[in-house]
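S.K.: Per my numbering, the very first residue in the sequence shown carries number 1; after that it's consecutive.
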Amino acid sequence: MATRVSVVLPTYNERGNIAELSSELIKELKKAGYVPEIVIVDDSSPDGTGEVATAISKKNKLIKAIVRTERGLGTAVLRGINESSGSIIVVMDADFSHPPGSVPVLVKGIDDADAVFASRYASGGSMNTDFIQYYLSKLFNYAIKAMLGIKVLDSTGGFFAIKRKAIKGIKTEQVFKGYGDYCFRMLYALKPARLRIKELPFKYMPRRYGKSKTPLLKSGISYGIEALKLRRGGKMKNGGEEKSGNAN
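(1) Quick one: is Phe-131 buried, meaning 16 or more other Cβ sit within 10 Å of its Cβ, or exposed?
(2) Exposed or buried, what is Tyr-252 when buried is set at 16 or more other beta-carbons lying within 10 Å of its beta-carbon?
(3) Within this structure, are the beta carbons of Val-7 and Ile-38 separated by less than 7 Å?
(4) For Gly-239, count the other beta carbons within 10 Å of its own beta carbon; 16 or more makes it buried, fewer makes it exposed. Which is it?
(5) Decide if Glu-226 is buried, meaning its Cβ has at least 16 other Cβ atoms within 10 Å, or exposed.
(6) Which residues bound the alpha helix (DSSP H) around Lys-165?
(7) Assign Leu-148 to one of three DSSP states: helix, strand, or coil.
(8) Would you mind listing the alpha helix (DSSP H) stretches within the region 92-163 that are 4+ residues and don't spill past its ends, in chain order?
(9) Is DSSP giving Ser-23 helix, strand or coil here?
(10) Just the C-alpha distance for Phe-176 and Asn-82, rounded to the nearest angstrom, thanks.
(11) Is the region 20-35 touching the region 96-113 in the sense that three or more CB pairs, one from each, lie closer than 8 Å?
(12) Skipping 5 residues on each side, what residues in its chain have a beta carbon closer than 7 Å to that of Ile-26?
(13) I need the DSSP call for Pro-46, collapsed to helix, strand or coil.
(14) When you compare only the Cα positions, how much space is there between Leu-195 and Gly-180?
(15) For Asp-47, which residues from the same chain have a beta carbon less than 7 Å from its beta carbon, with the 5 sequence-adjacent residues on both sides left out?
(16) Report the rounded CA-to-CA distance for Thr-69 versus Ser-44, giving the unit in angstroms.
(17) Indicate whether Ser-102 and Pro-201 have their beta-carbon atoms separated by less than 7 Å.
(18) Is the beta carbon of Phe-140 closer than 7 Å to that of Pro-220?
(19) Between Leu-78, Glu-24, Ser-222, which lies nearest to Glu-173 when the distance is taken from Cα to Cα?
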């Protein structure tokens, strides 16, 4: 029996991307022999993303749309995970910066791992952006890796595949909150379980439509502070009401 793969897409102002992305994901997963499920979690986007998501979900039973008043990337990801049904869960951005064609590659990597993270910084990976943004992002990620003792080089990218059973052992409400920091909190929470976690390279692409919601320097400093608190055993902070969206 084919494996069901649930792709969680947290969205905020992705009206121009979401229908095309959902269609491409379904096509790529079917082509690879998987049963796809697309779970869109929209934070009441003012551009009408939620309405588009609802409309396409009514036309295609493989798509589920959740429009909520709550805001925040981490909680949107958790809502999508909880509402999904696949034995393998993929989380990714909804703006095409994470290529749909890379999703089956990540899922295939689960064959000999519990979680597979797509990496801009692993050998063969890249980031189609300017020099300063690339190296600042890389610096922040390497600092987080060193502070928390995690093996993943790209711990804030938010593009990964994970077995559902791997998530069951962590306190999800303490992990899935805030913005992109949820991703390295999850890796840190998974450390005691000694799971098989690996990275695969991918090419980070510019978004197709809309504007980025990630202030790199501000988020990098915030992530660094959160990583220090985790290392010192401090209380995990709630990242407030940042919108769902890319977290790089």
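Heads up, the beta-carbon is just placed ideally off N, CA and C, and yes, glycines get one too.
M.R.: Considering the structure as presented:
(1) Against the sequence shown, residue 131 aligns to sequence position 131. Answer is exposed; the Cβ neighbour count stays below 16.
(2) The structure shown has nothing for residue 252, since the chain only spans 1 to 248.
(3) As a first step, residue 7 is located in the sequence shown; it is residue number 7 there, counting from the start. As a first step, residue 38 is located in the sequence shown; it is residue number 38 there, counting from the start. Yes, the pair counts as a contact, with Cβ atoms nearer than the cut-off.
(4) Position 239 of the sequence shown, counted from the first residue, corresponds to residue 239. Because Gly-239 sits at a pLDDT of 38, beneath the cut-off of 50, its placement in the model cannot be relied upon, and the following sentence gives the value as read from the coordinates. Counting Cβ neighbours within 10 Å, Gly-239 comes out buried, since at least 16 surround it.
(5) Here residue 226 refers to the residue found at position 226 when the sequence shown is read from its first residue. So Glu-226 counts as buried.
(6) Within the sequence shown, numbered from 1, the residue matching residue 165 stands at position 165. Here the alpha helix (DSSP H) through Lys-165 covers 164-167.
(7) Within the sequence shown, residue 148 is the residue found at index 148, counting from 1. Correct three-state label for Leu-148: helix.
(8) 103-109, 131-148
(9) Against the sequence shown, residue 23 aligns to sequence position 23. Correct three-state label for Ser-23: helix.
(10) Translated into the one-based positions of the sequence shown, residue 176 becomes position 176. Translated into the one-based positions of the sequence shown, residue 82 becomes position 82. Computed Cα separation, rounded: 12 Å.
(11) yes
(12) Against the sequence shown, residue 26 aligns to sequence position 26. Correct list, in chain order: Pro-36, Ile-38, Leu-62.
(13) To locate residue 46, count along the sequence shown from 1; it is residue 46. Looking at Pro-46 - three-state DSSP - the assignment turns out to be coil, as it is neither helix nor strand.
(14) Residue numbering aside, residue 195 sits at position 195 when the sequence shown is read from its first letter. Residue numbering aside, residue 180 sits at position 180 when the sequence shown is read from its first letter. One C-alpha to the other measures close to 21 Å.
(15) Taking the sequence shown and counting its residues from 1, the one referred to as residue 47 is at position 47. A distance below 7 Å between beta-carbons, with the five flanking residues on each side excluded, links Asp-47 to the following residues of its chain, in chain order: Asn-13, Arg-15.
(16) Taking the first residue of the sequence shown as 1, we reach residue 69 at position 69. Taking the first residue of the sequence shown as 1, we reach residue 44 at position 44. If I take the Cα positions, the gap works out to 6 Å.
(17) Numbered from 1 along the sequence shown, position 102 holds the residue referred to as residue 102. Numbered from 1 along the sequence shown, position 201 holds the residue referred to as residue 201. No, they are not a contact pair.
(18) As a working mapping, residue 220 is identified with position 220 in the sequence shown. As a working mapping, residue 140 is identified with position 140 in the sequence shown. It should be pointed out that residue 220 corresponds to Gly in this sequence rather than to Pro. Closer than 7 Å, so yes.
(19) Taking the first residue of the sequence shown as 1, we reach residue 173 at position 173. Taking only the C-alpha atoms, the option nearest Glu-173 is Leu-78.
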